[in-house]
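For reference, the structure discussed in these notes is given below.
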Amino acid sequence: MRLFADSGCDLPLAFLQDYDVTLFPLLVDLNGQTYKDMLEIRAEEVYDAIREGAFPHTYHTTYEEMYDAFLALAQSGEDGLYIAVSSALSSMYENACTIRTQLQKDYPHMRLDIIDSQCASLGYGLLVDKAARMKEEHASICDIVQEIQKRANNMVQLLLVDDLRYLAKGGRLSKTGAFVGELLSIMPIFEIQQGKLIELERVRGRQKAMERLLELLAERTQNLDKQVVCVSHADDVQQAVQIKQLIERRFATRNISITMIGSAIGAHTGPNALALFSLDESYYR
């Protein structure tokens with residue numbers, strides 16, 4: 001079985017290579033130049049450019065690159081699974097479905113399962129990680145698809161944004177709202193629900209916002225002392241370590257990892273954003 005993912009998963013390139021995951025790099029347009037995410041530009045470079053005044057844009061993998069990868073799959077006779085970044089945030093899922101339909105006209109026995117992760121950043125990455133490990137253990141494609149779909153439907157994804165200008169630039173907040181929010185130190189908290197970025201509330205002050213983020217995490221999960229919790233940051237390790245320590249003290253959680261939010265999401269959140277990921281309580285029922 002061949003496993004495919006795109007760079008919106010924010011997993012280390014070394015992991016994807018070690019587990020033989022075919023990567024579809026999203027494209028980053030920065031200062032008039034287009035780069036393949038993860039392959040030709042690093043997230044740190046994108047954040048540095050943003051701090052210097054740049055406003056990068058991201059685009060889906062080229063149609064040709066995805067078509068060629070799926071054509072090779074069809075010709076090989078192997079089964080394939082592509083887990084895509086949320087279809088509400090990118091056209092990657094839709095493009096993959098279109099290409100599969102085209103190819104199955106010439107390769108009617110081609111099997112390519114395509115899952116809309118309904119997730120982004122490491123929430124999406126956790127699904128790819130699980131699928132890769134199950135593949136390594138020789139699980140069937142049916143079992144992998146079933147498990148990944150269950151996890152996708154029960155992933156807690158919370159996001160705290162530091163700088164409202166980037167949300168305004170992306171049309172998710174008015175420029176006036178961003179200006180007032182900056183003056184009052186108001187920080188919005190978002191959640192990805194059914195793949196869509198939904199604003200939950202706005203909190204005044206970073207410390208209160210981080211406290212509220214933990215409350216929301218606890219409301220949506222159970223047995224946090226036994227849970228895997230992932231902390232993702234937009235080039236702010238200090239803040240990520242701080243909230244990791246808060247989680248450890250408050251919930252006795254020991255299995256916590258810290259990663260960086262990649263270019264695909266970071267281009268829209270700006271630097272210093274913070275995200276938490278875990279499985280919700282309904283997953284364990």
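Once you know that position 255 of the sequence shown is 255 in full-length UniProt numbering, the rest is easy, because the numbers rise by one and skip nothing.
Virtual Cβ for every residue (Gly too), placed ideally from N, Cα, C.
Model, not experiment: these values are computed from the prediction.
Inset, instruction - From the DSSP output, read off the bridge partner residues of Gln193. - result: As a position in the sequence shown, residue 193 is number 193, starting the count at 1. Gln193 is bridged to Lys196.
Inset, instruction - Starting from the C-beta of Met66, find all residues in its chain whose C-beta is less than 7 angstroms away, skip the five residues before and the five after it, and write them out in chain order. - result: The residue given as residue 66 occupies position 66 in the sequence shown. Once the five neighbours on either side are set aside, the close Cβ partners of Met66 are Phe24, Asn95, Ala96 and Ile99.
Legend entry - Reduced DSSP secondary structure (H/G/I, E/B, other) of Met260: The residue you call residue 260 lines up with position 260 of the sequence shown. Met260 falls in the strand class under three-state DSSP.
Legend entry - Host beta strand (DSSP E) of Lys36 (start-end): For the purposes of this step, residue 36 is identified with residue 36 of the sequence shown, where counting begins at 1. That run of the beta strand (DSSP E) goes Gln33 to Lys36.
Inset, instruction - With a threshold of 16 other CB atoms inside 10 Å of the CB of Arg133, please say whether the residue is buried or exposed. - result: Looking up residue 133 in the sequence shown gives position 133. Answer is exposed; the Cβ neighbour count stays below 16.
Legend entry - Where Asp48 falls, given that 16 or more other Cβ within 10 Å makes a residue buried: As a working note, residue 48 is residue 48 in the sequence shown. Label assigned to Asp48: exposed.
Inset, instruction - Could you tell me the distance, in whole angstroms, from the CA atom of Leu73 to the CA atom of Val231? - result: In the sequence shown, the residue the question calls residue 73 occupies position 73. In the sequence shown, the residue the question calls residue 231 occupies position 231. The straight-line gap from Cα to Cα measures roughly 34 angstroms.
Inset, instruction - Indicate whether the contact test is met: 3 or more Cβ pairs, each with one atom in the stretch 189-200 and one in the stretch 141-160, closer than 8 angstroms. - result: With three or more CB-CB distances shorter than 8 angstroms, the stretch 189-200 counts as touching the stretch 141-160.
Legend entry - Nearest-angstrom Cα separation, counted from Tyr35 out to Ile41: Stepping through the sequence shown from its first residue, residue 41 is reached at position 41. Stepping through the sequence shown from its first residue, residue 35 is reached at position 35. Between Ile41 and Tyr35, the C-alpha separation is close to 6 angstroms.
Legend entry - C-alpha gap between Leu127 and Arg51, whole angstroms: Sequence index remark: in the sequence shown, residue 127 carries index 127 (1-based). Sequence index remark: in the sequence shown, residue 51 carries index 51 (1-based). The straight-line gap from Cα to Cα measures roughly 31 angstroms.
Legend entry - Rounded separation between Lys130 and Ser86 - CA only: As a first step, residue 130 must be located in the sequence shown, where it is residue number 130. As a first step, residue 86 must be located in the sequence shown, where it is residue number 86. Straight-line measurement puts the Cα of Ser86 at about 17 angstroms from the Cα of Lys130.
Legend entry - Cβ neighbours of Ala234 in the same chain (closer than 6 angstroms, five flanking residues each side left out): Sequence index remark: in the sequence shown, residue 234 carries index 234 (1-based). Excluding residues within five positions, the ones whose Cβ falls inside 6 angstroms are Ile261, Gly266, Thr269, Pro271, Asn272 and Ala273.
Inset, instruction - Mark Ile198 as exposed unless 16 or more other C-beta atoms lie within 10 angstroms of its C-beta, in which case mark it buried. - result: Counted from its first residue, the sequence shown places residue 198 at position 198. So Ile198 counts as exposed.
Inset, instruction - For His60, count neighbouring C-beta atoms within 10 Å of its own C-beta (all shown protein chains included) and say buried if the count is 16 or more, exposed if not. - result: In the sequence shown, the residue the question calls residue 60 occupies position 60. By the Cβ-count criterion, His60 is buried, with 16 or more other Cβ atoms from all chains shown falling within 10 Å of its own Cβ.
Inset, instruction - Closer than 7 angstroms by C-beta to Leu184: which residues in its own chain qualify, once you throw out the five before and the five after it? Chain order, please. - result: Taking the sequence shown and counting its residues from 1, one reaches residue 184 at position 184. Here Leu184 scores only 49 on pLDDT, less than 50, and its place in the model should not be relied on; the value that follows carries that caveat. Arg204, listed in sequence order.
Inset, instruction - Please say whether Tyr82 and Phe4 have beta carbons closer to each other than 7 angstroms? - result: Working through the sequence shown from its first residue, we reach residue 4 at position 4. Working through the sequence shown from its first residue, we reach residue 82 at position 82. Yes, Cβ-Cβ distance for Phe4 and Tyr82 is below 7 angstroms.
Legend entry - Buried versus exposed, by CB contacts within 10 Å (16 or more), Tyr93: Looking up residue 93 in the sequence shown gives position 93. Burial state of Tyr93 is buried, judged by a 10 Å Cβ sphere holding 16 or more other Cβ atoms.
Legend entry - Straight-line Cα distance separating Ala240 from Val145: Numbered from its first residue, the sequence shown carries residue 145 at position 145. Numbered from its first residue, the sequence shown carries residue 240 at position 240. If I take the Cα positions, the gap works out to 32 angstroms.
Inset, instruction - Identify whether Leu276 lies in helix, strand or coil by the three-state DSSP scheme. - result: Numbered from 1 along the sequence shown, position 276 holds the residue referred to as residue 276. Residue state, collapsed to three classes: strand.
Inset, instruction - Express the C-alpha separation of Ser263 and Ala43 in angstroms, rounding to a whole number. - result: Residue numbering aside, residue 43 sits at position 43 when the sequence shown is read from its first letter. Residue numbering aside, residue 263 sits at position 263 when the sequence shown is read from its first letter. Here the C-alpha atom of Ala43 lies approximately 5 angstroms from the C-alpha atom of Ser263.
Inset, instruction - Spatial neighbours of Leu112 within its chain, please: CB distance less than 7 angstroms, with the 5 preceding and 5 following residues excluded, ordered by chain position. - result: On the sequence shown, residue 112 is found 112 positions in, with the first residue counted as 1. Residues of the same chain with a CB within less than 7 angstroms of the CB of Leu112, apart from the 5 flanking positions on each side, are Phe70, Leu73, Gly80, Tyr82 and Arg100 in chain order.
Inset, instruction - Go ahead and label Tyr63 buried or exposed: buried means 16 or more other beta carbons lie within 10 angstroms of its beta carbon, across all protein chains shown. - result: By one-based count along the sequence shown, residue 63 stands at place 63. Counting of Cβ neighbours within 10 angstroms places Tyr63 among the exposed residues, the total staying below 16.
Legend entry - Under the three-state DSSP convention, the category Gly270 falls into: Counted from its first residue, the sequence shown places residue 270 at position 270. DSSP, read as helix, strand or coil, puts Gly270 in coil.
Legend entry - One or two residues paired with Val46 in a DSSP bridge: On the sequence shown, residue 46 is found 46 positions in, with the first residue counted as 1. Answer by DSSP bridge pairing: none, since Val46 is not bridged.
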